[in-house]
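The structure appears below as structure tokens.
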Amino acid sequence: MADHYEVLGVARDATTDEIKKAYRRLARQLHPDVNPGADASERFKSVTHAYDVLSDAKQRQQYDRGGQGGGGFDNGQFGNFGDIFETFFGGGGGGSRGPRSRRERGQDALLRVELDLDEVIFGTHRDIEVDTAVVCGTCSGTCCQPGTAPVTCDICHGTGNIQRAVRSLLGNVMTSSPCGSCRGYGTIIATPCVTCQGQGRVRARRKVPVDIPAGVDTGLRLQMPGSGEAGPAGGPNGDLYLEMKVRHHDVFSRDGDDLLCTLDIPMTTAILGTTTTVAALDGDIEVQLRPGVQSGEILTIKDRGVTKLRGNGRGDLRIGVQVLTPTKLDHKERELIEAFAARHKVPAPSLSHFQQGLFAKLRDRFLG
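Residue 236 is where the sequence shown starts when you use the numbering used here, and the numbers rise one by one after that.
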């Protein structure tokens, strides 16, 4: 084992300040960031260990008496001490993790898609315009100007890491950290692509075709793998998420897979009954009204609702009847109504059980 005084190049009676100055001078010459050679690294370890011993009064006294110094620790006893340090603290210079890749996965993107209610019944096709990152067409994701390539970093020699000696309670250990020159990539792009500034991707608008299935509803998200942003340096694309929003319709509303609407009929039609045609979202529907139909009755048309998202078949169309009472009558019409009332001798108005308003009653019947 080399003499600590000889390692630092000081006399055995050197003062603490002299020892410190000698260590600083040698450390500046031998530090791995300045001198990456293997011999310099070993000398740096020896210089640091010698300074640790001689700068501590008790360890120096023990060393001068013939002891080992350093609290009895000798780095050689522990073999590859960096492996132990890495195991417990996540660092260590016993081994290099290697350079990291410039290629990374792109970010996911989220877009809102607005649909009309009639598009939801059977599904629809859309070409969605997305403002996102795409692979650079000039360098094809290499980040370099065409005809050039990345060069090996001359600081870390392509490893992407720099080893440093760190003093700890257990002695000196070598830790590894990303190289500050190449940021851990191990290579440097000397001539970056002028189009993407060395990113390997640019912003652009592109169209994404998407088939929206029938039965979607507001808040539902569709995932399109690989349709998101392109990753740096030609990395894989992220995913695109489409969040559905179904626009309000003035006539029809939705309850799950069923469609709801209200049919206004005149009083005479309610009395006599009729067959009429109404325009639904997917074509005309023939509706039969029995004589004497009452306000609030629900007519159910099977399989004319929304196509079920997960499963076969469709929901129903439920039509709430609203009987309209005339508010203005001419003289002749009034005589006819009075004659009708006299002929039927309807009972006088009287209190009955409390009933909710028509629209509340329709709502409860629809949803119940």
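In this text, a Cβ means the ideal position worked out from N, Cα and C, and glycines have one as well.
Exercise for the section: State the start and end residues of the unbroken alpha helix (DSSP H) segment that holds Val369. Expected result: Position 134 of the sequence shown, counting from 1, holds the residue named residue 369. Going by DSSP, Val369 is part of no alpha helix (DSSP H) but of the beta strand (DSSP E) stretching over Thr359 to Val370.
Handout entry: 7 Å Cβ shell around Met502 - same chain, five flanking residues per side excluded
Key = Locating residue 502 in the sequence shown gives position 267, where the first residue counts as 1. The answer, listed in chain order, is Val558, Leu559, Thr560 and Pro561.
Practice task
Identify, in the order they occur along the chain, each residue of the same chain with its Cβ nearer than 8 Å to the Cβ of Pro427, setting aside the five sequence neighbours on each side.
Solution key: Here residue 427 refers to the residue found at position 192 when the sequence shown is read from its first residue. For Pro427, where only same-chain residues beyond five positions count, the Cβ hits under 8 Å are Cys378, Cys379, Gln380 and Gly433.
Practice task
Go ahead and pull the three-state DSSP assignment for Gly317.
Solution key: For the purposes of this step, residue 317 is taken as residue 82 along the sequence shown, with counting starting at 1. Residue placement at Gly317 is poorly supported in this model, since its pLDDT is 42, which falls under 50; the coordinates are not used for a value here.
Exercise for the section: Please report the residue range of the alpha helix (DSSP H) in which Glu349 lies. Expected result: Counting from one through the sequence shown, the residue named residue 349 turns up at place 114. Here Glu349 belongs to no alpha helix (DSSP H); instead the beta strand (DSSP E) covers Ala344 to Leu350.
Problem - N- and C-terminal bounds of the alpha helix (DSSP H) containing Ser276 - result: Start at 1 with the first residue of the sequence shown, and residue 276 comes out as number 41. Element bounds for Ser276: Ala273 to Leu289.
Practice task
Under 6 Å Cβ to Cβ from Asp353, same chain only, skipping five residues before and after it: list those, please.
Solution key: Start at 1 with the first residue of the sequence shown, and residue 353 comes out as number 118. Around Asp353: Leu516.
Practice task
Would you list the one or two residues that DSSP bridges to Leu507?
Solution key: Mapped onto the sequence shown, residue 507 falls at position 272. Bridge partners of Leu507: none, in fact.
Practice task
Quick one: using the 10 Å Cβ neighbour count with 16 as the cut-off for buried, is Ala583 buried or exposed?
Solution key: Position 348 of the sequence shown holds residue 583. Counting the other CB atoms within 10 Å of its CB gives Ala583 a total below 16, which places it among the exposed residues.
Problem - 6 Å Cβ shell around Leu475 - same chain, five flanking residues per side excluded - result: Along the sequence shown, one-based indexing puts residue 475 at 240. Correct list, in chain order: Ala344, Met459, Ser462 and Gly463.
Exercise for the section: Could you tell me how far apart the beta carbons of Ser290 and Thr250 are, in whole angstroms, since I believe they sit closer than 8 Å? Expected result: Counting from 1 along the sequence shown, the entry for residue 290 is found at position 55. Counting from 1 along the sequence shown, the entry for residue 250 is found at position 15. With 8 Å as the limit, Ser290 and Thr250 do not qualify as a contact, their Cβ atoms being about 11 Å apart.
Exercise for the section: Take every Cβ of the segment 470–490, pair it with every Cβ of the segment 417–424, and state whether three or more of those distances are shorter than 8 Å. Expected result: no
Problem - Between the CA atoms of Ser276 and Glu478 - distance to the nearest angstrom - result: Counted from its first residue, the sequence shown places residue 478 at position 243. Counted from its first residue, the sequence shown places residue 276 at position 41. When rounded, the distance between both Cα atoms is 57 Å.
Practice task
If I'm right that Ala439 touches Val369 with Cβ under 8 Å, what's the distance once you round it to whole angstroms?
Solution key: In the sequence shown, the residue the question calls residue 439 occupies position 204. In the sequence shown, the residue the question calls residue 369 occupies position 134. With a Cβ gap of about 5 Å, Ala439 and Val369 count as contacting.
Practice task
Tell me where the beta strand (DSSP E) around Asp519 begins and ends.
Solution key: Looking up residue 519 in the sequence shown gives position 284. That run of the beta strand (DSSP E) goes Gly518 to Leu524.
Problem - Residue from Asp452, Tyr286 and Ala237 whose Cα sits closest to the Cα of Arg609 - result: Residue 609 is absent from the structure shown; the chain starts at 236 and stops at 603.
Practice task
Determine the direct distance from the alpha carbon of Val429 to that of Val242, and round the result to whole angstroms.
Solution key: Looking up residue 242 in the sequence shown gives position 7. Looking up residue 429 in the sequence shown gives position 194. Near 52 Å, if we compare the C-alpha coordinates of Val429 and Val242.
Handout entry: Reference Ser281, options Val581, Val445 and Asn407, closest by Cα
Key = Indexing the sequence shown from 1 puts residue 281 at position 46. With distances taken between Cα atoms, Ser281 lies closest to Asn407.
Handout entry: Distance, Ile554 Cα to Lys580 Cα
Key = Here the question's residue 580 lines up with position 345 in the sequence shown. Here the question's residue 554 lines up with position 319 in the sequence shown. Each residue's alpha carbon lies about 32 Å from the other.
Handout entry: Expected contact under 8 Å - CB spacing of Arg335 and Gly395 to nearest Å
Key = Translated into the one-based positions of the sequence shown, residue 335 becomes position 100. Translated into the one-based positions of the sequence shown, residue 395 becomes position 160. Indeed they touch by this definition, with Cβ atoms about 6 Å apart.
Problem - Span separating the alpha-carbon of Gly610 from that of Leu265 - result: Because the chain here runs from 236 to 603, residue 610 falls outside it and cannot be looked at.
Practice task
Provide the residue(s) that pair with Met459 in DSSP beta bridges, ordered along the chain.
Solution key: As a working note, residue 459 is residue 224 in the sequence shown. Checking the DSSP bridge columns, you'll see Met459 partnered with Leu475.
Handout entry: Supposed contact pair Cys388 and Ile423 - C-beta distance, whole angstroms, cut 8 Å
Key = On the sequence shown, residue 423 is found 188 positions in, with the first residue counted as 1. On the sequence shown, residue 388 is found 153 positions in, with the first residue counted as 1. Indeed they touch by this definition, with Cβ atoms about 5 Å apart.
Problem - Under the three-state DSSP convention, the category Gln312 falls into - result: Within the sequence shown, residue 312 is the residue found at index 77, counting from 1. With a pLDDT of 36 at Gln312, under the threshold of 50, the modelled position of that residue is not reliable, and no figure is offered here.
Handout entry: Continuous beta strand (DSSP E) stretch holding Gln264: start and end
Key = In the sequence shown, the residue the question calls residue 264 occupies position 29. It is not in any beta strand (DSSP E) - Gln264 instead sits in the alpha helix (DSSP H) that spans Thr251 to Leu265.
Exercise for the section: Using only alpha-carbon positions, find the residue among Arg441, Thr504, Arg549 and Leu498 that is nearest to Val513. Expected result: By 1-based counting over the sequence shown, the position of residue 513 is 278. Cα-wise, what sits closest to Val513 is Leu498.
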